[in-house]
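Q: All residue numbers for the sequence shown refer to the working numbering, where the first residue is 1 and numbers rise by one.
Positions of the beta carbon are idealized from the N, C-alpha and C atoms, including for glycine.
The structure presented is a predicted model; accordingly, all values stated were derived computationally and were not measured.
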Amino acid sequence: MSEQPTPVHEDANATLDEVLARAARDLADATAARLQREQQGGTGIREGILPGGDL
Numbered sequence: 001m002s003e004q005p006t007p008v009h010e011d012a013n014a015t016l017d018e019v020l021a022r023a024a025r026d027l028a029d030a031t032a033a034r035l036q037r038e039q040q041g042g043t044g045i046r047e048g049i050l051p052g053g054d055l
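1. Check A28 in the structure and name its three-state DSSP category.
2. Quick test of your reading: D11 and R25, contact by CB under 8 Å. State the CB separation rounded to the nearest angstrom.
3. On the three-state DSSP scale, how would you describe G36?
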């Protein structure tokens with residue numbers, strides 16, 4: 001599992017199936033990393049979002 005998403009430049013000439021597969025792999029890796037952090041005592045709070053801010 002890697003916490004780094006696939007590089008954007010790899011998607012430039014990729015087929016739709018390849019892009020979707022990379023996106024699914026990135027999502028699975030990010031979810032696994034978040035769950036691991038939470039199990040190790042992390043809060044699970046989204047970082048970089050200020051309370052009361054507009055998205």
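A: According to the structure data:
1. helix
2. Rounded, the Cβ-Cβ distance is 12 Å, inconsistent with contact.
3. A small correction: the amino acid at residue 36 is Gln; Gly does not occupy that position in the sequence shown. Three-state result, Q36: helix.
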